[in-house]
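Residue numbers (my numbering), protein chains in the order written: chain Z, 3 to 342; chain G, 3 to 342.
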DNA sequence: TTTATTTACGCAATCGTTCCCGATTCATCA
DNA sequence: TGATGAATCGGGAACGATTGCGTAAATAAA
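1. In chain Z, which residues lie with their C-beta within 7 angstroms of the C-beta of residue 261 of chain G?
2. Give me the DSSP bridge partner(s) of residue 282 of chain G.
3. Below 8 angstroms on the Cβ atoms is my guess for residue 336 of chain Z versus residue 178 of chain Z; work out the distance and round it to an integer in Å.
4. If you scan the stretch 25-85 of chain Z from start to end, which runs of the beta strand (DSSP E) of 3 or more residues do you find wholly inside it?
5. Using a beta-carbon distance cut-off of less than 9 angstroms, what residues from the stretch 149-166 of chain G approach chain Z?
6. On a CA-only basis, which of G:75, G:183 and G:114 is nearest residue 278 of chain G? Give me that one, please.
7. Is it true that the stretch 72-80 of chain G meets the stretch 125-134 of chain G, where meeting means three or more beta-carbon pairs spaced less than 8 angstroms apart?
8. Considering only the alpha carbon of each residue, which of G:223, G:338, G:227 and G:334 lies closest to residue 249 of chain G?
9. If residue 60 of chain Z and residue 7 of chain G are in contact, beta carbons under 8 angstroms, what's the gap, nearest whole angstrom?
10. Please confirm if residue 269 of chain Z has its CB atom under 8 angstroms from at least one CB of chain G.
11. Can you find a CB in chain Z that lies within less than 8 angstroms of the CB of residue 192 of chain G?
12. Check for me: the alpha helix (DSSP H) holding residue 172 of chain G runs from which residue to which?
13. Could you tell me whether any Cβ in chain Z is nearer than 8 angstroms to the Cβ of residue 81 of chain G?
14. In the DSSP assignment, find the unbroken beta strand (DSSP E) run with residue 191 of chain Z in it and report its ends.
15. Pick from G:243, G:282 and G:159: whose alpha carbon is nearest that of residue 145 of chain G?
16. Report the three-state DSSP secondary structure of residue 339 of chain Z (helix, strand or coil).
17. Answer yes if the stretch 80-95 of chain G comes into contact with the stretch 99-117 of chain Z, meaning at least three C-beta pairs across the two stretches below 8 angstroms, and no otherwise.
18. What's the call for residue 18 of chain Z, buried or exposed, on a 16-neighbour Cβ count within 10 Å?
19. I need the straight-line Cα distance from residue 115 of chain G to residue 124 of chain G, nearest angstrom please.
20. Let me know the secondary structure DSSP gives residue 214 of chain Z once reduced to three states.
21. Does DSSP classify residue 3 of chain Z as helix, strand or coil?
22. Give the single residue among G:157, G:198 and G:147 whose Cα lies nearest to the Cα of residue 171 of chain G.
23. Any residues in the stretch 75-99 of chain Z with a beta carbon nearer than 7 angstroms to a beta carbon of chain G? Which ones, in chain order?
24. Classify residue 111 of chain G as helix, strand or coil using the three-state DSSP reduction.
25. Which one of G:141, G:143, G:122 and G:54 has the shortest CA to CA distance from residue 118 of chain Z?
26. Under 8 angstroms, do residue 79 of chain G and residue 301 of chain G count as touching if we go by C-beta distance?
27. Tell me where the beta strand (DSSP E) around residue 324 of chain Z begins and ends.
28. Determine the DSSP secondary structure at residue 94 of chain Z, reduced to helix, strand or coil.
29. Distance cutoff 8 angstroms, beta carbons only. Does residue 102 of chain Z sit that close to anything in chain G?
30. Skipping 5 residues on each side, what residues in its chain have a beta carbon closer than 8 angstroms to that of residue 351 of chain G?
31. Should residue 24 of chain G go down as buried or exposed, given a rule of 16 or more other Cβ atoms within 10 Å for buried?
32. From this set, Z:16, Z:153, Z:120 and Z:245, which residue's C-alpha is nearest residue 41 of chain Z's C-alpha?
33. Identify the contact partners of residue 264 of chain G in chain Z, using a Cβ-Cβ distance below 7 angstroms as the criterion.
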């Protein structure tokens, strides 16, 4: 089934003009008389003419669409990021094509190949937890595809990056726990390869150091899939709770891990914060309704999306290849509630 | 900044062939010898040739992309639906372009114009709460654009529809409340114009009727923006609680309304379920962690997305215009927890 | 009146693919 | 032996929009 659209050719034929004249009239060129312009414009409006974006793309050699790869749409943080991207892209007449890696490097690569073959003009990506080999991404970048990293960045690729202030966020959260009197603060980190994990871990370390609390390596655990699989949270928690010096507080490194921890505690009838305090990165707006209301570090997800989109668009629309890149670090928000 | 891609023309030149031969070799045409095929294929692989999808689209007069309009991505139900759509579309080589109406009819119309001008091959839409005038949508449909409705449908447009069994879902929820001994069950419905609202209200009515409980009109309230604006939930609740016969249970008609109600009760120190029971439609996987764990009706969002995508693809890929349309009704799940 | 300049439009190439026609070669058959 | 027919490939016209260049008419300047 087709849906026959009006083309410039139809208009030209109907009005006894050439396609070039019609095209120019529609684009308000100065070399078309007011009379013809009006005639063309009126007729175009009447028949509901919409320029074929595909033909335009082919001619202009750009698709007016940007690709976005995140691990999962159904994750508050990323859906808010996408929301931000969408708002900016839309304003500039760009389409947003979304793909999910589901934290799998393989799917990520497939998405990458797929999106680039769809002729996207640029890419915003938050790499998966599994991503170790980014040679393909690097090759794309070297071949000139504008790329902006958001949240989870790759240091080795020089381009614009938008991240939350993970270091300070983690620092503030840990410091808060310390101030509340917790001594044995465990961290349930996201995959150790991720930039955000390292930054957050660093913040955690610094806060302990500044408070003269010795760092215990066995209080540091990782969820390699970022909490995508519940069992990894479960086993990490079990490991933590089996130790001789049991932690009295948990600092969770991602949205899924945070709520996963709470789920685990609830299952095991561990009271929060009496038995074990909990704080973590999270962007759900439901955290204050949880039991107990969760203390969280919230990232400016929407704004991060906006920032990455406008950076990408500036990259796309710049005539000459860019060499100066910036890393925007946006501050997080510490929301203290009942779980700590 | 461009990123020069290898074209069929380059290959042809390099190999001393014509573009037609290269094109046919790549598409494995029978009229090309095995030798040339191998030569072309090898060379194409070597230089990493990827056919330009835009040129293909222009030629084939289809874009291999489908548009999706929902009210908000950052809403568990819709993000799960999108997830389902994405999974099916991806398998069939289609792009998914997402737009958000934010429950505004105006934005929805803009999205509609935008997406159709981007030459989408088909559309999946869940209309906004504000949508009263669907003439534009109807016109598009009559002009041959394949459309599938998901969740919020428009009866007047004949095409495939995918919905949850809202009637039965609401019926089960209301019946459950009745069985728990609640007598004065109020409903906080979504916008009255929405198909889902009417179906859910009907289920609510039927359950009361079957239990011989007289329906009280003043226990029926509406949130015209589907809970998008918190204040509308607030005022609706205030109205309910000011009445002479105060409700002892609330049945909420959407995800946002359900959590919004809980938020309101928490603010006003209304205990759940002692002072007021609460049940509602919701798709967040956090409901069991809430305080109290919420009883909810859960829709098979992912599956609904899958179904609508495959229906849309069948519509797109069918040679002749379809006249037989189906409405898939997928059953909901009643999850009973502490709030009732 | 003649020349220069502006105005307003058409022609045709282009973007990268696909595909309808031909054209050529070589084997096959009556 | 001439005709038929596969097999294999190239030429070139699309798809819809844009744009450099050319040119006729209209206007201004000389």
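C-beta atoms are modelled at their ideal positions from N, C-alpha and C, and glycine is treated no differently.
On the basis of the supplied data:
1. Counting from one through the second chain, the residue named residue 261 of chain G turns up at place 259. Here the neighbours are 288 and 291.
2. For the purposes of this step, residue 282 of chain G is identified with residue 280 of the second chain, where counting begins at 1. In DSSP, residue 282 of chain G forms a bridge with G:254 and G:298.
3. The sequence position of residue 336 of chain Z within the first chain is 334, counting from 1. The sequence position of residue 178 of chain Z within the first chain is 176, counting from 1. Rounded, the Cβ-Cβ distance is 6 angstroms, consistent with contact.
4. 67-72
5. Residues: none.
6. Here residue 278 of chain G corresponds to residue number 276 of the second chain, with the count starting at 1. Of the listed residues, the one whose Cα sits closest to residue 278 of chain G is G:183.
7. yes
8. In the second chain, the residue the question calls residue 249 of chain G occupies position 247. Here the closest residue by C-alpha is G:223.
9. Taking the first chain and counting its residues from 1, the one referred to as residue 60 of chain Z is at position 58. Taking the second chain and counting its residues from 1, the one referred to as residue 7 of chain G is at position 5. Actually they do not touch by this definition, with Cβ atoms about 12 angstroms apart.
10. Locating residue 269 of chain Z in the first chain gives position 267, where the first residue counts as 1. By this cut-off, residue 269 of chain Z is not an interface position.
11. For the purposes of this step, residue 192 of chain G is taken as the residue at position 190 of the second chain. Judged by the 8 angstroms Cβ criterion, residue 192 of chain G is not in contact with chain Z.
12. Counting from one through the second chain, the residue named residue 172 of chain G turns up at place 170. Element bounds for residue 172 of chain G: 168-181.
13. Taking the first residue of the second chain as position 1, residue 81 of chain G is located at position 79. So yes, residue 81 of chain G belongs to the interface.
14. Against the first chain, residue 191 of chain Z aligns to sequence position 189. Note, residue 191 of chain Z: beta strand (DSSP E), 187-192.
15. Residue mapping note: residue 145 of chain G aligns to position 143 of the second chain, counting from 1. For residue 145 of chain G, the nearest C-alpha among the options comes from G:159.
16. What you label residue 339 of chain Z is simply residue 337 of the first chain in a count that begins at 1. Of the three classes helix, strand and coil, the one that applies to residue 339 of chain Z here is coil, per DSSP.
17. yes
18. Sequence index remark: in the first chain, residue 18 of chain Z carries index 16 (1-based). Exposed, since its Cβ has fewer than 16 Cβ neighbours within 10 Å.
19. Position 113 of the second chain, counting from 1, holds the residue named residue 115 of chain G. Position 122 of the second chain, counting from 1, holds the residue named residue 124 of chain G. Rounded to whole angstroms, residue 115 of chain G to residue 124 of chain G spans 13 angstroms at the Cα level.
20. As a working note, residue 214 of chain Z is residue 212 in the first chain. In this structure, DSSP gives residue 214 of chain Z a state outside helix and strand, which the three-state scheme calls coil.
21. Sequence index remark: in the first chain, residue 3 of chain Z carries index 1 (1-based). With a pLDDT of 41 at residue 3 of chain Z, under the threshold of 50, the predicted position of this residue should be treated as unreliable, though the coordinate-derived value follows. DSSP places residue 3 of chain Z in coil when its eight states are reduced to three.
22. The residue you call residue 171 of chain G lines up with position 169 of the second chain. Considering only alpha carbons, the answer is G:198.
23. 75, 76, 78, 81, 82, 84, 85, 88, 97, 98 and 99
24. Numbered from 1 along the second chain, position 109 holds the residue referred to as residue 111 of chain G. Here residue 111 of chain G sits in helix by DSSP.
25. On the first chain, position 116 is the one that residue 118 of chain Z refers to. Residue G:54 is the option with its Cα nearest to residue 118 of chain Z.
26. Working through the second chain from its first residue, we reach residue 79 of chain G at position 77. Working through the second chain from its first residue, we reach residue 301 of chain G at position 299. Result yes, Cβ atoms of residue 79 of chain G and residue 301 of chain G sit closer than 8 angstroms.
27. Translated into the one-based positions of the first chain, residue 324 of chain Z becomes position 322. Counting along the chain, residue 324 of chain Z falls outside any beta strand (DSSP E), and DSSP gives it neither H nor E.
28. Residue 94 of chain Z sits at position 92 when you count from the first residue of the first chain. Secondary structure of residue 94 of chain Z (DSSP, three-state): coil.
29. Translated into positions along the first chain, residue 102 of chain Z becomes position 100. Interface residue, yes.
30. With chain G covering 3 to 342 only, the question about residue 351 of chain G has no answer from this structure.
31. The residue labelled residue 24 of chain G in the question sits at position 22 within the second chain. Answer is buried; the Cβ neighbour count reaches 16.
32. Numbered from 1 along the first chain, position 39 holds the residue referred to as residue 41 of chain Z. That would be Z:16, whose Cα lies nearest to the Cα of residue 41 of chain Z.
33. On the second chain, residue 264 of chain G is found 262 positions in, with the first residue counted as 1. The contacting residues are 291.
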